[in-house]
Amino acid sequence: MINVTIWNEYIHEQNDKIVKEIYPKGIHNCIKEYLEKDENFSFKTATLEQEEHGLTKEVLGETDVLLWWGHMAHNKVEDTIVERVQRRVLEGMGLLVLHSGHHSKIFKKMMGTNANIKWAERGEKERVWICNPGHPIAKGLGEYFEIEMSEMYGEPFQVPEPDETVFVSWFEGGEVFRSGICYKRGNGKIFYFRPGHEAYPVYHNKYVQKAISNAIYWLYKGEHAGTWEDNFNSTDNMERKEPIEPIEVKGNQVDHTYQK
Ligand code: ZN
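Each residue of the sequence shown is one higher than the one before, starting from 1 at the first, in the working numbering.
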């Protein structure tokens with residue numbers, strides 16, 4: 001059983017009439033309703049408005065794969081929660097960042113860059129090309145798939161060079177974008193998946209749904225959590241006071257205490 005938590009800032013669907021019509025129960029529940037057909041998944045959902053944004057230590061501790069959808073309220077996500085998510089990724093939790101989540105605090109923190117893009121909202125057709133048909137995330141998706149109406153994202157996508165690029169999108173207006181990219185951070189895997197956008201029914205597209213499902217399987221480590229160095233060293237001072245082998249101290253020594 002893969003424990004999946006779907007996080008959504010859940011603002012557009014409550015405040016915008018058009019978005020509400022496309023995703024009446026929220027984007028998180030739209031994704032959940034499709035994925036629920038797979039009995040290997042169990043679900044929790046969490047939203048920004050909940051206490052600790054619904055991402056308590058308990059919830060994250062039981063999460064194998066976290067999906068992240070945010071757009072207009074990235075800055076309202078508490079830094080302490082972002083750090084908690086980062087730690088879980090380093091420990092081995094999978095992170096699937098969707099669409100406008102490229103500017104979320106957690107994605108930028110994991111990337112170490114601003115993750116900027118070019119974009120335009122004009123209902124363009126998107127053709128998503130599969131770069132590696134043998135990759136588990138591309139399973140069952142053929143040579144390419146299409147999304148009838150998309151918000152355009154264009155290069156340069158200001159992220160570090162990915163470990164693997166699974167999808168590249170072409171847009172009607174001529175732009176291209178690396179729309180499915182893989183990273184490893186600590187013991188955790190990260191997959192950024194571009195398709196989305198609240199004003200179009202992208203998460204009702206069967207190919208998009210299949211890619212999300214494939215990505216969850218790929219992100220799942222197989223064993224819960226995993227081990228990261230932080231588990232052994234909860235402080236930031238990791239001096240080894242006693243050498244493993246007896247050794248004579250040579251040279252100079254300075255003060256290593258971090259200033260407050
Ligand atoms: Zn969008």
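Beta carbons are placed, not taken as given, at the ideal position from N, Cα and C, and that holds for glycine.
- Within a 10 Å sphere around the beta-carbon of Arg240 sit fewer than 16 other beta-carbons, which makes this residue exposed.
- When DSSP assignments are scanned along the stretch 41-120, the uninterrupted stretches of beta strand (DSSP E) that are 3 or more residues long and fall wholly within it turn out to be 41-47, 65-69, 94-98.
- Apart from sequence neighbours up to five positions away, the residues of its chain that approach Lys109 with a beta-carbon distance below 7 angstroms are Val82, Gln86, ordered along the chain.
- Between Trp68 and Gly112, the gap from beta carbon to beta carbon reaches 8 angstroms or more.
- Ligand 1 has a heavy atom closer than 7 angstroms to the beta-carbon of Glu151.
- For Lys105 and Pro156, the gap between their C-alpha atoms comes out near 19 angstroms.
- Not one heavy atom of ligand 1 sits closer than 7 angstroms to the Cβ of His135.
- Pro24 and Glu13 have their alpha carbons spaced roughly 7 angstroms apart.
- Take Thr63, set aside five residues on each side of it, and the residues of its chain with a beta-carbon closer than 8 angstroms to its own are Asn3, Val4, Thr5, Lys44, Arg88, Met93, in chain order.
- With contacts defined as CB atoms closer than 8 angstroms, Leu95 and Gly188 qualify as a contacting pair.
- In this structure, Ile147 sits away from Glu175, with a CB-CB distance that is not shorter than 8 angstroms.
- Relative to ligand 1, Ser100 has its C-beta within less than 7 angstroms of a heavy atom.
- Residue range 27-35 is occupied by the alpha helix (DSSP H) that includes Lys32.
- For Tyr203, the closest alpha carbon among the candidates Tyr153, Met149, Tyr220 is that of Met149.
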